[in-house]
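For the sequence shown, this note's numbering begins at 89 and goes up steadily by one. See structure below.
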Amino acid sequence: MNAFPNALVGLCLLALSAYSGSSFSAHQSAVRGTAGMVSSTSALGNEAAIEVMKSGGNAIDAAVTLGFALAVTYPEAGNIGGGGFAVVRLPSGEVVSLDHRERAPAAAYRDMFLDESGNADAKLSLNSHLASGVPGTVDGLLKLHERYGSKPLADLLAPAIEMAEQGIMIEPEQVARFNRLAGKPGQWVATVQKFSRAGEAFTGRERWKQPLLARTLREIAAEGRQGFYEGWVAESIALEMSRGGGLMSLDDLKRYESVWRDPVRTSYRGYDIWSMGPPSSGGILIAQILNMLEPFNLGAMGWGSARLTHLVVEAERRAYADRSVHLGDPDFWEVPTAKLMDVNYARERMKDFDPERATLSRELAAGQWADESEDTTHYSLIDKDGMMVAITTTLNSSFGSQLVIPGTGILMNNEMDDFSAQPGVPNQFGLLGAEANAIQPMKRMLSSMTPTLVTRDGAPFLITGSPGGSTIITTVLQVIMNVIDHGMSVAEAVGSPRFHHQWFPDAIQFGPRALSPDTLDLLQEKGHQLRPRSAIGDANSILIKDGAYWGVKDPREFGSALGYDR
Numbered sequence: 089m090n091a092f093p094n095a096l097v098g099l100c101l102l103a104l105s106a107y108s109g110s111s112f113s114a115h116q117s118a119v120r121g122t123a124g125m126v127s128s129t130s131a132l133g134n135e136a137a138i139e140v141m142k143s144g145g146n147a148i149d150a151a152v153t154l155g156f157a158l159a160v161t162y163p164e165a166g167n168i169g170g171g172g173f174a175v176v177r178l179p180s181g182e183v184v185s186l187d188h189r190e191r192a193p194a195a196a197y198r199d200m201f202l203d204e205s206g207n208a209d210a211k212l213s214l215n216s217h218l219a220s221g222v223p224g225t226v227d228g229l230l231k232l233h234e235r236y237g238s239k240p241l242a243d244l245l246a247p248a249i250e251m252a253e254q255g256i257m258i259e260p261e262q263v264a265r266f267n268r269l270a271g272k273p274g275q276w277v278a279t280v281q282k283f284s285r286a287g288e289a290f291t292g293r294e295r296w297k298q299p300l301l302a303r304t305l306r307e308i309a310a311e312g313r314q315g316f317y318e319g320w321v322a323e324s325i326a327l328e329m330s331r332g333g334g335l336m337s338l339d340d341l342k343r344y345e346s347v348w349r350d351p352v353r354t355s356y357r358g359y360d361i362w363s364m365g366p367p368s369s370g371g372i373l374i375a376q377i378l379n380m381l382e383p384f385n386l387g388a389m390g391w392g393s394a395r396l397t398h399l400v401v402e403a404e405r406r407a408y409a410d411r412s413v414h415l416g417d418p419d420f421w422e423v424p425t426a427k428l429m430d431v432n433y434a435r436e437r438m439k440d441f442d443p444e445r446a447t448l449s450r451e452l453a454a455g456q457w458a459d460e461s462e463d464t465t466h467y468s469l470i471d472k473d474g475m476m477v478a479i480t481t482t483l484n485s486s487f488g489s490q491l492v493i494p495g496t497g498i499l500m501n502n503e504m505d506d507f508s509a510q511p512g513v514p515n516q517f518g519l520l521g522a523e524a525n526a527i528q529p530m531k532r533m534l535s536s537m538t539p540t541l542v543t544r545d546g547a548p549f550l551i552t553g554s555p556g557g558s559t560i561i562t563t564v565l566q567v568i569m570n571v572i573d574h575g576m577s578v579a580e581a582v583g584s585p586r587f588h589h590q591w592f593p594d595a596i597q598f599g600p601r602a603l604s605p606d607t608l609d610l611l612q613e614k615g616h617q618l619r620p621r622s623a624i625g626d627a628n629s630i631l632i633k634d635g636a637y638w639g640v641k642d643p644r645e646f647g648s649a650l651g652y653d654r
């Protein structure tokens with residue numbers, strides 16, 4: 089008998105499609121709190137994070153608890169086998185950012201994903217032992233805790249360990265995803281064992297236990313960084329990589345380090361926007377696009393109008409063209425951050441903007457000057473002292489490379505696909521790249537993750553971010569625009585439908601109900617190609633207003649916002 093009957097998988101996937109597609113409402117209510125707030129994809133993780141704050145911990149303590157909990161409750165993207173970025177505003181007002189992005193193994197080489205004919209082989213970069221970069225999530229969370237945390241590390245990991253050992257209830261949406269993953273022909277044995285009931289498909293809402301992951305988390309709680317990057321956990325990772333023809337070594341794991349970097353900052357209509365700099369492309373592109381848009385009265389154009397959509401798409405098109413050429417790991421490539429973010433450069437990029445005609449992407453090159461599964465996840469937190477935390481973390485594709493390390497419960501990333509395997513050949517998100525993002529040993533791959541904070545007159549105002557691969561940047565952009573330009577509440581700003589353009593492919597992608605039939609007709613008349621798609625983004629956000637924190641969970645994915653009062 090087939091352990092994963094096609095009828096069951098198909099039915100569950102149909103239910104998932106209905107759940108995550110157009111069934112959300114833009115008129116959900118925000119959750120109010122005055123002492124702390126968290127918004128993420130994990131309701132259980134949120135409860136644990138709020139308890140940490142209630143017991144005297146700060147937002148970093150809560151973020152560490154939530155980060156490890158997500159590895160248990162949301163394995164599609166929550167992880168200890170991936171990486172991410174964090175942007176933090178301290179109670180003093182200082183803003184810092186931590187790059188815990190994965191990096192290439194020391195043995196990686198430029199053409200490692202090309203076949204004998206010199207063509208990029210997507211299977212190698214997505215679903216093989218070669219696909220994984222050296223994980224940074226554990227080092228990143230521990231570095232945040234070491235510098236800014238206040239509670240013992242073991243206390244912060246205790247909720248995740250308990251969830252993994254005692255089990256969590258999985259809902260039909262995750263049942264469908266797990267069954268599809270475990271039922272894939274030729275799937276790795278350890279992956280099947282983790283995402284099934286002794287090799288049999290899950291049949292409905294039931295308790296899912298992860299004893300091997302609990303063991304790994306206990307090792308981290310007891311030994312800290314060494315519990316993951318050295319010792320039996322690291323040896324297990326290196327052994328499996330060697331067995332499967334991967335390049336990641338024990339030395340790669342031992343030598344991994346997160347990097348504190350200067351956050352990217354830009355001003356927009358009296359607000360300060362703080363985001364992640366390279367190797368994230370998000371902060372620079374947000375700044376570029378806002379600089380291009382600021383001379384225009386967006387509010388007067390009307391939300392969802394053809395006039396506004398055309399303008400925003402043309403700004404996005406130009407920014408993504410620059411991304412493909414100029415952005416990469418700043419430790420390996422001289423990224424012209426100041427020039428890309430210069431207001432005069434933004435004006436120059438828009439000089440050829442025609443309000444009546446779409447620019448053809450093939451006619452638009454990256455700018456010059458004289459001298460990324462969408463299954464990422466984002467979480468936002470704020471504590472009683474105004475410490476703001478925005479963290480976006482990922483495995484890249486949903487469930488990453490799908491490789492589970494035997495004996496550890498660790499699901500590995502496939503971030504190596506975010507490099508430019510071959511100039512001019514798009515990755516899984518359709519993004520093009522060039523020399524700046526070529527594969528090199530120990531280099532970090534370019535990312536679209538955009539954890540973002542907004543302040544006004546130095547005071548907290550908004551925390552946001554999203555998954556979505558190449559659509560992350562435009563999701564964050566539209567949340568900011570919805571609040572600042574269109575005067576929306578945070579619930580409306582997050583729940584409103586979205587659209588996206590990324591230079592290539594040369595088409596406006598738009599989610600359910602994002603653009604009216606009249607708007608679509610007008611955009612086609614201007615020469616735009618249109619591509620409907622499923623809902624875009626999952627922007628778990630917090631707005632600070634009138635002495636309170638207003639948290640909202642993006643209705644496109646499960647999870648919650650949770651707060652408490654003084």
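In this text, a Cβ means the ideal position worked out from N, Cα and C, and glycines have one as well. Predicted, not measured: the structure shown is a model, and the values here were computed from it.
Secondary structure of residue i, DSSP reduced to three states
{"i": "Gly452", "result": "One point to set straight first is that residue 452 is Leu, not Gly, in the sequence displayed. In this structure, Leu452 counts as coil in the three-state DSSP scheme."}
{"i": "Phe266", "result": "helix"}
{"i": "Pro299", "result": "helix"}
{"i": "Leu186", "result": "strand"}
{"i": "Val400", "result": "helix"}
{"i": "Ile138", "result": "helix"}
{"i": "Phe173", "result": "strand"}
{"i": "Ala123", "result": "coil"}
{"i": "Glu288", "result": "strand"}
{"i": "His624", "result": "Looking at the sequence itself, residue 624 is Ile, so the reference to His does not match. Of the three classes helix, strand and coil, the one that applies to Ile624 here is coil, per DSSP."}
{"i": "Lys641", "result": "coil"}
{"i": "Ser489", "result": "coil"}
{"i": "Ala394", "result": "helix"}
{"i": "Val477", "result": "strand"}
{"i": "Arg293", "result": "coil"}
{"i": "Ile168", "result": "coil"}
{"i": "Leu154", "result": "helix"}
With 16 other Cβ atoms within 10 Å as the buried cut-off, status of residue i
{"i": "Asn385", "result": "exposed"}
{"i": "Ala136", "result": "buried"}
{"i": "Glu328", "result": "buried"}
{"i": "Leu448", "result": "exposed"}
{"i": "Tyr637", "result": "buried"}
{"i": "Val321", "result": "buried"}
{"i": "Ala426", "result": "exposed"}
{"i": "Val160", "result": "buried"}
{"i": "Gln597", "result": "buried"}
{"i": "Arg411", "result": "buried"}
{"i": "Ser128", "result": "buried"}
{"i": "Asp634", "result": "exposed"}
{"i": "Ser622", "result": "exposed"}
{"i": "Ile257", "result": "Correcting the residue identity first, residue 257 is Met in this sequence and not Ile. Result: exposed."}
{"i": "Ser111", "result": "Legend: pLDDT at Ser111 = 34, less than 50; position of this residue unreliable, no value from coordinates given."}
{"i": "Arg644", "result": "buried"}
Same chain, Cβ closer than 8 Å to residue i, neighbours up to 5 away in sequence not counted
{"i": "Tyr344", "result": "Arg191, Val222, Pro223, Gly224, Asp227 and Tyr317"}
{"i": "Gln612", "result": "Leu618"}
{"i": "Tyr333", "result": "Correcting the residue identity first, residue 333 is Gly in this sequence and not Tyr. Closer than 8 Å at the Cβ level, and outside the excluded window around Gly333, lie Ser216, His217 and Leu218."}
{"i": "Glu259", "result": "Arg293 and Phe646"}
{"i": "Met389", "result": "Arg395, Leu396 and Leu399"}
{"i": "Ala595", "result": "His589, His616, Gln617, Leu618 and Arg619"}
Own chain partners of residue i with C-beta closer than 6 Å, once the 5 adjacent residues on each side are dropped
{"i": "Tyr650", "result": "The question names Tyr, yet the displayed sequence has Leu at residue 650. Hits under 6 Å: Val126, Asn134 and Ile138."}
{"i": "Gln566", "result": "Arg586"}
{"i": "Thr122", "result": "Ala636, Asp653 and Arg654"}
{"i": "Phe340", "result": "The identity of residue 340 in the sequence shown is Asp, whereas the question assumes Phe. Result list for Asp340: Pro193, Ala194 and Val222, in chain order."}
{"i": "Met504", "result": "Ser213, Ala219 and Gly221"}
{"i": "Leu229", "result": "Val152 and Gly155"}
{"i": "Thr279", "result": "Gln490 and Val492"}
Beta-carbon proximity list for residue i, same chain, < 7 Å, skipping 5 on both sides
{"i": "Gly615", "result": "Arg445 and Ala446"}
{"i": "Val582", "result": "Val567, Ala627, Ser629, Val640 and Asp642"}
{"i": "Tyr162", "result": "Thr129, Ser130 and Thr465"}
{"i": "Phe283", "result": "Phe266, Leu269 and Ala270"}
Length-filtered (3 minimum) beta strand (DSSP E) runs lying within the region 322-369 = 347-349, 352-356 and 359-363
Every unbroken beta strand (DSSP E) inside the region 181-247 [3 residues or more] | 183-188
Looking at C-beta atoms only, is the number of pairs between the region 464-478 and the region 541-556 that lie closer than 8 Å three or more?
-> yes
Residue ranges of each beta strand (DSSP E) within the region 527-606, 3 or longer = 540-544, 547-552 and 596-598
Stretch-stretch touch, CB-based, cutoff 8 Å, three pairs: the region 470-488 with the region 151-160 | yes
Does the count of Cβ pairs from the region 195-213 and the region 249-263 closer than 8 Å reach three?
-> no
Cβ pair count under 8 Å reaching 3, the region 271-286 against the region 234-248 | no
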